[in-house]
Structures are given as structure tokens and as C-alpha cells.
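Novice:
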Amino acid sequence: MTPLYARRRRTVLAAATAVAAGALLTTGLATGTATAGSAPAGKPVLGGAPVLLSAAARTSLIQEQQATAAETADAIGLGAKEKLIVKDVVRDVDGTVHTRYERTYDGLPVLGGDLVVHEPAGGARTVTKAVKTAVGVASVTPKVTAGKAEAQALAAAEKAGAERTGAESAPRKVIWAAEGTPVLAYETVVGGLQEDGTPNELHVITDATTGEKLYEWQAVHTGSGRSLYSGTVTLGTYKSGSTYQLYDTSRGGHKTYNLARGTSGTGTLFTDADDTWGTGTASSSSSDQTAAVDAAYGAQVTWDFYKNTFGRNGIKNDGKAAYSRVHYGSNYVNAFWQDSCFCMTYGDGSGNTHPLTSLDVAGHEMSHGVTSNTAGLRYSGESGGLNEATSDIFGAGAEFYAANSSDAGDYLIGEKIDINGDGTPLRYMDKPSKDGASKDYWSSSLGSVDVHYSSGPANHFFYLLAEGSGSKTVNGVTYNSPTYDGSTVTGIGRAKALQIWYKALTTYFTSTTTYKAARTGTLNAASALYGASSTEYKAVDAAWKAVNVS
423 MTPLYARRRR TVLAAATAVA AGALLTTGLA TGTATAGSAP AGKPVLGGAP
473 VLLSAAARTS LIQEQQATAA ETADAIGLGA KEKLIVKDVV RDVDGTVHTR
523 YERTYDGLPV LGGDLVVHEP AGGARTVTKA VKTAVGVASV TPKVTAGKAE
573 AQALAAAEKA GAERTGAESA PRKVIWAAEG TPVLAYETVV GGLQEDGTPN
623 ELHVITDATT GEKLYEWQAV HTGSGRSLYS GTVTLGTYKS GSTYQLYDTS
673 RGGHKTYNLA RGTSGTGTLF TDADDTWGTG TASSSSSDQT AAVDAAYGAQ
723 VTWDFYKNTF GRNGIKNDGK AAYSRVHYGS NYVNAFWQDS CFCMTYGDGS
773 GNTHPLTSLD VAGHEMSHGV TSNTAGLRYS GESGGLNEAT SDIFGAGAEF
823 YAANSSDAGD YLIGEKIDIN GDGTPLRYMD KPSKDGASKD YWSSSLGSVD
873 VHYSSGPANH FFYLLAEGSG SKTVNGVTYN SPTYDGSTVT GIGRAKALQI
923 WYKALTTYFT STTTYKAART GTLNAASALY GASSTEYKAV DAAWKAVNVS
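To get the numbering used here, take the position in the sequence shown, counting from 1, and add 422.
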């Protein structure tokens with residue numbers, strides 16, 4: 423679970439805006455039909471673009487790839503104790519199949535063992551690995567007890583200020599291969615609440631031979647009705663008897679629930695007698711529908727954005743919706759995504775009158791789910807910054823896609839929710855350092871920066887790739903984006919920039935992708951989509967150099 427922004431804001435706000443598993447502060451067997459697989463309607467046909475898959479076609483292709491996983495493992499040189507488990511499959515218009523695998527060793531999950539196998543139609547197979555180190559350990563029998571690992575994890579959570587901590591389950595044995603030499607380890611997940619009230623899902627990795635703590639990361643990411651932020655909007659609802667439910671059956675069955683200031687459980691499904699929801703104004707009432715309207719609207723726009731822009735059928739690409747919960751806690755200034763519940767959750771902000779349900783926040787949170795179900799970018803270090811940037815990029819993309827005059831698309835993150843109390847946005851993509859903490863450019867120390875601020879260079883890269891450097895005005899907002907080397911970057915347009923980032927995320931990024939690897943992945947994506955000698959490929963290279971990644 424990841425918060426929308428970092429806890430530094432606690433010095434300004436009564437409560438931090440921490441976003442859980444990605445809080446704001448992630449093939450078709452045929453290509454000729456929409457049900458089996460086709461390019462998104464109305465989009466130019468690019469050979470490297472993903473095919474729009476029906477749920478049945480995707481399931482069938484996953485089963486087909488799993489059936490040959492042992493042969494694939496042998497072909498790419500894995501050891502006899504290693505096995506591959508299919509996580510996702512993408513099929514491109516030109517017939518190329520990208521299969522994303524998780525790995526096991528002697529029956530144990532390998533953290534950092536994920537990889538993607540790329541198989542062009544009639545071409546040579548290539549592989550993208552999270553780590554290149556060979557996986558192998560001397561023994562899978564631990565010398566340290568699971569109890570010691572659990573105690574260490576609880577101590578780490580308490581040190582971070584967590585409350586009501588407790589291991590969610592017994593520590594599990596894993597192979598830790600994400601950094602350095604692979605070792606036998608325990609993974610312990612600590613529950614409870616973080617210090618600001620955000621749910622806690624702290625993962626702690628303990629060396630099962632020496633008892634040393636190797637790593638830790640937080641899995642909770644902090645992204646017709648009258649909405650607060652988007653004006654009067656049309657909603658997908660369902661009539662049950664004489665009562666309407668905030669239940670969108672046309673988009674995978676998304677439902678919006680009321681937690682009524684609670685911090686656990688699903689809550690109560692919003693219902694209404696006349697199918698006219700909300701008042702368009704903020705209310706401190708825990709039963710207020712307006713926040714629910716914004717959350718439901720954000721969910722449906724984000725669903726449509728992914729489907730019509732990339733041919734993605736829901737967060738997991740399986741046609742099934744997540745759900746939303748509003749009115750979380752009291753004076754909770756954040757929103758978050760959690761894989762464990764497959765849901766988005768929104769606080770009501772300071773005074774319970776500033777809900778964090780704006781459109782770009784909704785797009786940000788659900789994009790954490792997309793990242794989790796594709797590259798799985800680890801929420802720490804440089805990969806964590808790329809995880810956060812991905813949610814900002816697609817959150818902005820969803821806002822532009824909506825073309826809503828009440829909340830026009832921009833390259834500002836959280837500009838509607840006034841989280842700083844002075845009308846300024848949470849983050850700026852054209853010059854990230856304008857928020858006072860984010861980084862404009864890559865440096866060797868970036869990996870030690872909070873992920874909400876190390877996202878800056880990737881956000882900056884995306885803005886430069888889409889719009890270019892220098893001063894310009896887009897939808898009434900003026901930007902002036904600098905470059906590290908003083909170069910002039912010419913943008914290729916937001917539509918192409920989004921296609922390149924999405925393809926890189928879904929077919930070339932892995933759990934351990936760094937900024938250098940992200941450069942390689944986006945260049946590969948641009949080559950697949952537009953050609954290695956294309957203007958788009960050269961623009962990707964120039965934009966990375968402009969943020970000091972080369």
C-alpha cells in the first residue's frame with residue numbers, strides 16, 4: 423500500500439496524506455475480432471501495440487504459456503530447481519507475445535526472480551530479467567527460527583511508528599534475489615496501522631541463515647451525480663428493486679462503498695432512491711454522497727482511459743473491476759491502493775471537508791494496481807520512484823482523457839484537492855522541484871530519496887517527451903520546463919508518450935527496474951512501436967539525457 427505523498431507533509435497538516443499500496447502522495451488468440459483480440463477502436467495500428475483481449479482469450483493464452491513453461495525455463499538456461507509461473511501475457515498486433523513470469527527455486531518464491539520472455543512471430547526469443555544473477559542457495563533449511571524473523575519485523579514496524587501491529591501470517595520462506603547474492607530468507611508481513619492511520623502492510627526480509635534484516639518495503643501505496651471536483655457527471659448505476667446502487671455493471675462491476683469514518687472492512691454500498699447522487703458541495707457528513715460520486719466517476723474514467731487508449735480490460739486486464747471506499751477514518755489526508763483488497767480508499771482530508779477523490783488521484787491510485795499486476799516495481803529506491811511516477815503519468819493521462827471542463831487535463835498532480843492549504847498542487851511534472859522536495863534530475867543519491875520525490879526525474883522525462891522544454895501553455899496552465907544539460911527538447915505529443923510508457927511498463931520493466939533500465943525499456947518500447955530510427959525513438963533518448971539519464 424503506498425501513500426499519495428510522503429510524511430514530510432505532517433509538519434504542515436494535522437494528519438499526513440499517506441497512500442497505501444500506491445497512494446497518490448499499479449493475448450488474443452486471433453487479431454481480427456474485438457472479443458478475441460484487436461487494436462483499441464479508432465487508434466492507429468502500430469505493429470508493437472498491444473492487442474485488446476477478451477477475458478477468455480487472455481486466460482487461454484496464459485494457460486497455453488503455462489503449459490510450455492518448463493520448456494521455456496530450459497530454453498532460457500534456468501536451473502533444474504527453478505520453475506516459471508505465468509503472471510501475465512501481452513500479445514502485440516504484429517504477433518509478438520510477451521510473457522511475464524514469476525520464478526520459484528526448490529518450491530520457494532524467488533523475490534527478484536521475475537522476468538519477461540519476448541517471442542516475435544518467426545523471430546528469435548529474448549529475455550528481460552529483474553536480476554541477471556544466477557539463482558541458487560546451498561540449502562533451503564533455515565538456521566534462524568521464523569519467530570526471530572517475526573520479532574524483527576514487528577520491531578521494524580514499531581520503529582516506523584506503526585500502531586496495533588501484528589504479523590498477518592507466519593513468516594514464509596523465500597529466496598531473496600533482488601539484491602546481491604541470492605540467499606534463503608523469511609518474508610514477514612506486518613499489519614495494523616501506520617502512524618498516520620493508513621493501513622500497514624510492511625514487508626520485512628530477514629536472512630534465514632544469519633538473522634540479518636536485508637530489506638523492507640511498504641505494500642500500501644499512498645493514488646448522473648453532482649461531483650465536488652468534476653461538475654455534473656453521468657454515472658454507471660444499477661437498479662435493484664426500487665433502489666439504485668452505485669454499482670457500474672458495464673465496467674467490470676465497480677462498486678463504491680461508505681466506510682463512514684471506519685478504517686476496516688468493506689463498508690456499506692451507496693444506494694439512492696432517485697438515481698441523482700450528491701450535491702456538488704463538500705460536507706462533513708459521513709454519509710455524504712458527493713465524495714462517492716467523485717470516486718465512482720474517477721473509477722469509470724480510468725477504466726475507459728486504459729481500455730480505449732491501450733486496449734487494457736481493467737486493472738488486471740481480466741475484465742474485472744476493483745472497488746472504491748470513501749470516508750476512511752476522520753481527518754485522514756490521503757488516499758491509497760491496496761492489492762490485498764484490490765480496492766481504492768479515500769480519506770476526507772482536513773476537517774473531513776476536502777475528500778481526496780479528484781480525478782487524477784483516482785487515476786493515480788488505480789494505476790498502482792496496474793503496475794502491481796504488470797512490472798511489479800518494488801516500492802523502494804529507484805524502482806519505487808518509477809512506481810510513483812507511473813501513477814502520476816497515467817493519473818494525468820486519465821484526466822486529459824476525460825476532457826472535463828470542470829477539471830481540465832494538466833501536468834499538475836492533485837491540484838484540485840488543495841492538500842497544502844494554499845491552492846498549490848501536490849506535484850509538478852514540468853519542474854518537479856517546485857514542490858520543494860522532488861528531484862528534477864537523476865543523481866547517484868536518488869535511490870535513498872523518498873519515492874514520492876525520487877519520482878521527479880521520471881515525471882520530468884514524461885513531460886519533456888510529451889510537450890518539450892521551455893515555456894508553453896496547455897489548457898490554460900503555463901509551464902516552463904528546464905533541462906539538465908541546457909538542451910532543447912521537442913515533444914512528440916502526449917498520446918505517443920503515453921503509448922511508449924505503457925508498453926515499457928507492461929513488456930520491458932521488471933520489479934527491480936532502475937532509471938538506467940527504464941531508459942533502455944522506453945527505448946525498446948519506442949523502437950517496437952515506431953522504429954529504431956524514428957523521431958519518437960530519438961525523442962526518448964533526448965528526454966532522458968535532459969534529466970541526466972544516459
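Ideal Cβ positions, reconstructed from N, Cα and C, are used throughout, including at glycine. Because the structure is a prediction, the values reported are computed rather than measured.
When the distance is taken between beta carbons, is Pro879 closer than 8 Å to Tyr863?
Specialist: Cβ distance < 8 Å, so Tyr863 and Pro879 count as in contact.
Novice: Which residue's Cα is closest to the Cα of Val655: Ser855, Tyr719, Val611?
Specialist: Checked all of Ser855, Tyr719, Val611; the closest Cα to Val655 is Tyr719.
Novice: Out of curiosity, what's the CA-to-CA distance linking Ala940 and Tyr666?
Specialist: Roughly 45 Å separates the two Cα atoms.
Novice: Taking Cβ positions, are Lys503 and Tyr527 nearer each other than 8 Å?
Specialist: In contact: Lys503 and Tyr527 (Cβ atoms closer than 8 Å).
Novice: Would you list the one or two residues that DSSP bridges to Gln667?
Specialist: Gln667 pairs with Tyr660, Thr693.
Novice: Can you tell me whether DSSP reads Gly454 as helix, strand or coil?
Specialist: Residue confidence for Gly454 is low, a pLDDT of 31 falling below 50, so the modelled location carries little weight and cannot support an answer.
Novice: Thr521 to Ala784, Cα distance in whole Å?
Specialist: Their Cα atoms are separated by approximately 28 Å.
Novice: Is DSSP giving Tyr523 helix, strand or coil here?
Specialist: If DSSP states are grouped into helix, strand and coil, Tyr523 belongs with the strands.
Novice: Let me know the secondary structure DSSP gives Thr502 once reduced to three states.
Specialist: The amino acid at residue 502 is misidentified as Thr; the sequence shows Ala. Ala502: coil per DSSP, three-state reduction.
Novice: For Asn902, write down the residues that DSSP places opposite it in a beta bridge.
Specialist: Ser893.
Novice: Determine the DSSP secondary structure at Gln640, reduced to helix, strand or coil.
Specialist: DSSP places Gln640 in strand when its eight states are reduced to three.
Novice: Per DSSP, what kind of secondary structure is Leu446 in: helix, strand or coil?
Specialist: Since pLDDT at Leu446 reaches only 40, below the 50 mark, its modelled position is unreliable, and the value read off the structure follows with that caveat. Note: Leu446 maps to coil in three-state DSSP.
Novice: Using 10 angstroms around the beta-carbon of Glu609, count the other beta-carbons present and answer buried if the total reaches 16, otherwise exposed.
Specialist: Buried: at least 16 other Cβ atoms inside 10 Å.
Novice: From Pro531 to Val596, what distance separates their C-alpha atoms?
Specialist: Distance between the alpha carbons of Pro531 and Val596 is about 5 Å.
Novice: How far does the alpha helix (DSSP H) with Phe822 in it reach, from first residue to last?
Specialist: 803 to 824 is the span of the alpha helix (DSSP H), which, as asked, contains Phe822.
Novice: Taking DSSP's pairing of strands, which residues face Trp598 in a bridge?
Specialist: Partner(s): Leu533, Val605.
Novice: Note down the Cα distance separating Thr983 from Arg734, rounded to an integer number of angstroms.
Specialist: Residue 983 lies beyond the residue range present for the chain, which begins at 423 and ends at 972; the question has no answer from this structure.
Novice: Ends of the alpha helix (DSSP H) at Ala682?
Specialist: Segment: none, Ala682 is in no alpha helix (DSSP H) and carries neither H nor E.
Novice: If we count Cβ pairs, one from each stretch, closer than 8 Å, do we get three or more for the segment 887 to 898 versus the segment 832 to 846?
Specialist: Yes, the segment 887 to 898 is in contact with the segment 832 to 846.
Novice: What residue range is occupied by the uninterrupted alpha helix (DSSP H) comprising Tyr937?
Specialist: Residues 937 to 952.
Novice: Cutting at 6 Å between CB atoms, please list the residues of its own chain near Asp565, excluding the five before and the five after it.
Specialist: The sequence given here places Lys at residue 565; Asp does not occur at that position. Same-chain partners within the cutoff: Thr631.
Novice: Name the one or two DSSP bridge partners that Thr767 has.
Specialist: DSSP, once it has assigned bridges, lists Arg747, Phe758 as partnering Thr767.
Novice: Would you kindly check if the distance between the Cβ of Thr659 and the Cβ of Asp697 is under 8 Å?
Specialist: Going by C-beta atoms, Asp697 is nearer than 8 Å to Thr659.
Novice: For Ser891, does the count of other Cβ atoms within 10 angstroms reach 16, so buried, or fall short, so exposed?
Specialist: Buried is the call here.
Novice: Measuring alpha carbon to alpha carbon, tell me which of Leu624, Val549, Phe732, Gly653 ends up nearest Asp514.
Specialist: If we check each option's Cα against that of Asp514, Phe732 comes out closest.
Novice: Taking Cβ to Cβ, would you say Ile484 is nearer than 8 Å to Val519?
Specialist: No, Cβ-Cβ distance for Ile484 and Val519 is not below 8 Å.
Novice: In whole angstroms, give me the CA-to-CA distance for Lys967 and Tyr906.
Specialist: For Lys967 and Tyr906, the distance between alpha carbons rounds to 8 Å.
Novice: Grab me the residues of Asp840's own chain with a C-beta within less than 7 Å of its C-beta, minus the 5 sequence neighbours each way, in chain order.
Specialist: Closer than 7 Å at the Cβ level, and outside the excluded window around Asp840, lie His776.
Novice: With DSSP as the reference, please indicate the residues paired to Ile835 in a beta bridge.
Specialist: Bridge partners of Ile835: Arg849.
Novice: Less than 8 Å between the C-beta atoms of Thr678 and Phe692, yes or no?
Specialist: Taking 8 Å as the Cβ cut-off, Thr678 and Phe692 qualify as a contacting pair.
Novice: Would the segment 565 to 576 count as touching the segment 944 to 964 if we require 3 or more Cβ pairs under 8 Å?
Specialist: These segments do not touch.
Novice: On a Cα-Cα basis, can you pick out the residue from Asn842, Thr567, Leu868, Ser827 that is closest to Leu781?
Specialist: When only C-alpha atoms are compared, the closest one is Ser827.
Novice: Hey, is Val755's beta-carbon within less than 8 Å of any beta-carbon in chain B?
Specialist: Among the chains in the structure shown there is no chain B, since it carries only a single protein chain.
Novice: Could you name the residues of the same chain whose beta carbon sits closer than 7 Å to that of Glu541, not counting the 5 residues immediately before and after it, in chain order?
Specialist: Around Glu541: Thr518, Val519, Arg547.
Novice: Within the chosen definition, does the segment 746 to 756 reach the segment 795 to 804 through at least 3 CB pairs nearer than 8 Å?
Specialist: No: fewer than three Cβ pairs fall under 8 Å.
Novice: Quick one: Cα of Tyr728 to Cα of Pro904, how far?
Specialist: For Tyr728 and Pro904, the distance between alpha carbons rounds to 30 Å.
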